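In my numbering, the protein residues as written are 345 to 858.
Structural data, given as structure tokens:
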């Protein structure tokens with residue numbers, strides 16, 4: 345019998361329940377493995393500390409050496425009393441409203457058991473106070489208010505997101521654009537080499553269009569836009585892209601365009617039949633005209649004349665090599681005659697008279713010097729300013745193919761001290777064309793009458809072209825001292841002697857030239 349409290353022995357493991365293994369010659373020894381001499385009975389002495397007599401038997405053990413099983417004394421039964429839920433008295437409604445206004449959520453409206461945030465679980469409903477359970481639930485006003493604020497917040501987020509998406513789309517693919525043909529006035533300058541995009545950028549800065557893309561997109565198929573010239577353009581503000589393209593390509597949009605042709609003089613010229621050819625002063629005054637926001641920018645001719653007469657020539661941009669001689673002009677308002685070169689200029693509406701004249705003179709000086717005239721490049725035995733005077737005479741007296749020969753005639757006559765006898769100089773103060781002169785005009789005294797005076801007139805008599813300036817600097821080699829227009833196309837006949845000259849004059853009369 346096993347000791348009391350011990351587990352009964354398993355009969356499968358009782359002695360003799362399992363036959364010995366026949367493979368083992370000696371129990372515990374496999375026949376295929378010889379015994380290890382190290383584990384022989386005599387190979388290791390027995391430790392006397394573990395002898396049978398070295399340790400007394402444990403009195404707690406039974407006769408068979410097994411320890412009796414200890415049992416824990418039974419505990420007295422405990423009466424289980426269910427715990428009651430902690431009471432949470434509801435504050436007055438006024439106090440709850442104050443708490444909600446201050447941002448507290450300790451006492452939310454509605455059913456307490458529905459909110460897990462306050463530690464109420466589903467299983468607790470069994471122990472809930474019946475007084476509370478029977479009480480009708482109040483209307484969850486605060487929760488409804490929270491839900492409404494949540495929807496508002498979500499709507500705000502959607503609006504912001506949509507706005508950001510629209511802005512991003514506009515940045516990548518869209519563009520801003522105005523509607524209509526605009527209002528108010530804006531002045532924009534287009535410079536040489538400006539691309540369509542560059543023009544659009546200037547229009548955007550001036551408030552003409554809402555964006556560069558609006559202008560570029562509208563002008564993709566407009567071939568006139570690619571041919572737009574440099575200058576000032578008067579447009580409206582807040583125009584649509586298409587309206588801006590149509591406006592800037594229209595002829596009326598460009599303002600301040602000043603074209604000065606060779607042969608033109610400062611004063612107007614009276615043509616036969618009463619026709620008047622505008623002079624440089626009149627052309628400048630017309631180019632200055634525009635209407636900006638209801639105000640005219642025109643500069644009167646008299647104001648331009650007065651500015652030339654009173655201003656310091658160097659302040660106006662007259663070069664040093666011309667200032668001293670130009671200041672000797674008998675009429676002060678003619679001191680810049682010939683110093684404004686032929687070409688197309690851009691006059692900004694709103695400039696003062698001084699600003700306009702200074703800009704033209706400075707740019708003309710660059711053009712004249714680029715043609716080869718300057719302190720180091722002059723005609724034979726004359727100053728730079730006198731070379732400019734010769735160039736103006738050539739321009740008035742001949743056509744391009746004869747410029748070099750006419751220049752040589754002038755220099756030869758100056759060298760031989762022969763009066764020039766040019767009709768163009770006689771007609772200059774009379775503001776008349778140069779083809780013919782009357783006998784009484786040729787007898788009229790004055791510094792510009794080369795029939796009576798030796799040498800050159802005091803100032804140029806008009807605007808010389810680049811070709812005339814080049815001919816004045818480098819005249820054609822020859823001995824001619826006379827010339828006369830002998831063909832209706834303007835060509836001249838040249839002579840060395842006066843007799844040859846008289847023959848050419850007779851030829852010209854026979855051809856009906858004069």
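Ideal Cβ placement from N, Cα and C applies to all residues, glycine included.
Computed from a predicted model, the values in this text were never measured in an experiment.
May I ask which residues mark the beginning and end of the alpha helix (DSSP H) holding residue 560? Within the chain shown, numbered from 1, the residue matching residue 560 stands at position 216. Run containing residue 560: 556-562, per the alpha helix (DSSP H) assignment.
Endpoints, the alpha helix (DSSP H) within which residue 754 is located: In the chain shown, counting from the first residue as 1, residue 754 sits at position 410. Note, residue 754: alpha helix (DSSP H), 747-759.
If you drop the 5 nearest sequence neighbours on each side, which residues of the same chain put their C-beta closer than 6 Å to that of residue 660? Reading the chain shown from its first residue, position 316 is the one you call residue 660. Here the set comprises 701, 702 and 705.
Near residue 562, what residues of its chain come up, given a Cβ to Cβ distance below 6 Å and the 5 sequence neighbours on each side ignored? The residue you call residue 562 lines up with position 218 of the chain shown. Closer than 6 Å at the Cβ level, and outside the excluded window around residue 562, lie 585, 586 and 589.
Rank 654, 832, 828 and 833 by C-alpha distance to the C-alpha of residue 843 and give the top, closest one. The sequence position of residue 843 within the chain shown is 499, counting from 1. Nearest C-alpha to residue 843: 828.
Spatially closest choice to residue 636 from 576, 666, 670 and 801, by CA coordinates: For this step, residue 636 is matched to residue 292 along the chain shown. With distances taken between Cα atoms, residue 636 lies closest to 576.
Quick check: what's the CA-CA separation for residue 641 versus residue 733? Translated into positions along the chain shown, residue 641 becomes position 297. Translated into positions along the chain shown, residue 733 becomes position 389. Each residue's Cα considered, the two are about 34 Å apart.
DSSP beta-bridge partners of residue 575: Locating residue 575 in the chain shown gives position 231, counting from the first residue. Residue 575 is bridged to 534.
Residue 604 - partner residues in DSSP beta bridges: As a position in the chain shown, residue 604 is number 260, starting the count at 1. DSSP output for residue 604 lists 687 as bridge partner(s).
Between the CA atoms of residue 542 and residue 713 - distance to the nearest angstrom: The count along the chain shown starts at 1 and reaches residue 713 at position 369. The count along the chain shown starts at 1 and reaches residue 542 at position 198. Approximately 32 Å between the Cα atoms of the pair.
Taking the alpha helix (DSSP H) that residue 854 belongs to, which residues open and close that run? Looking up residue 854 in the chain shown gives position 510. It spans 842-854 - the alpha helix (DSSP H) in which residue 854 sits, taken as one unbroken run.
In three-state DSSP terms, what is residue 520? Numbered from its first residue, the chain shown carries residue 520 at position 176. If DSSP states are grouped into helix, strand and coil, residue 520 belongs with coil.
Spatially closest choice to residue 719 from 711, 731 and 708, by CA coordinates: As a working mapping, residue 719 is identified with position 375 in the chain shown. The shortest Cα separation from residue 719 among 711, 731 and 708 belongs to 731.
Considering only C-alpha positions, which residue in the set 792, 560 and 783 is nearest to residue 518? Residue numbering aside, residue 518 sits at position 174 when the chain shown is read from its first letter. Among 792, 560 and 783, the Cα nearest to that of residue 518 is on 560.
If distances are taken between C-alpha atoms only, which option among 617, 832 and 621 comes closest to residue 855? To locate residue 855, count along the chain shown from 1; it is residue 511. If we check each option's Cα against that of residue 855, 832 comes out closest.
Anyone know if the C-beta pair for residue 873 and residue 679 falls short of 9 Å? Nothing can be reported for residue 873, as the shown portion of the chain is limited to 345 through 858.
Excluding five sequence neighbours on each side, which residues of the same chain lie with their C-beta closer than 6 Å to the C-beta of residue 676? Counted from its first residue, the chain shown places residue 676 at position 332. Cβ neighbours of residue 676 beyond the five flanking positions: 653.
Unbroken beta strand (DSSP E) runs of length 3 or more, entirely within the region 631-718: which are they? 687-690
Quick check on residue 817: does DSSP put it in helix, strand or coil? Mapped onto the chain shown, residue 817 falls at position 473. Reduced to three states, the DSSP call for residue 817 is helix.
Could you say which of 697, 668 and 593 lies nearest to residue 626 if we only look at CA atoms? Locating residue 626 in the chain shown gives position 282, where the first residue counts as 1. It is 697.
From 841, 606, 715 and 602, residue whose alpha carbon lies closest to that of residue 630: Sequence index remark: in the chain shown, residue 630 carries index 286 (1-based). The shortest Cα separation from residue 630 among 841, 606, 715 and 602 belongs to 602.
If you draw a straight line from the C-alpha of residue 567 to the C-alpha of residue 574, how long is it? What you label residue 567 is simply residue 223 of the chain shown in a count that begins at 1. What you label residue 574 is simply residue 230 of the chain shown in a count that begins at 1. Each residue's alpha carbon lies about 16 Å from the other.
Alpha helix (DSSP H) segment containing residue 829, residue limits: Residue numbering aside, residue 829 sits at position 485 when the chain shown is read from its first letter. Not the alpha helix (DSSP H): residue 829 falls in the beta strand (DSSP E), residues 826-829.
What separation, rounded to the nearest whole angstrom, lies between the Cα atoms of residue 311 and residue 667? Given a span of 345 to 858 for the chain in the structure shown, any question on residue 311 remains unanswerable.
Going by CA-CA distance only, name the one from 520, 581, 607 and 801 that's closest to residue 743. As a working mapping, residue 743 is identified with position 399 in the chain shown. It is 607 whose Cα lies nearest to the Cα of residue 743.
Measure the alpha-carbon distance for residue 791 versus residue 826 and round it to whole angstroms. Start at 1 with the first residue of the chain shown, and residue 791 comes out as number 447. Start at 1 with the first residue of the chain shown, and residue 826 comes out as number 482. Going from the Cα of residue 791 to the Cα of residue 826 covers about 22 Å.
Residue 839 bridges to which residues according to DSSP? For this step, residue 839 is matched to residue 495 along the chain shown. The partner list for residue 839 (beta bridge, DSSP) reads 826.
Just checking my contact of residue 717 with residue 840 at CB under 8 Å: how many whole Å lie between their CB atoms? Here residue 717 refers to the residue found at position 373 of the chain shown. Here residue 840 refers to the residue found at position 496 of the chain shown. No, residue 717 and residue 840 are not in contact; Cβ-Cβ is about 28 Å, not under 8 Å.
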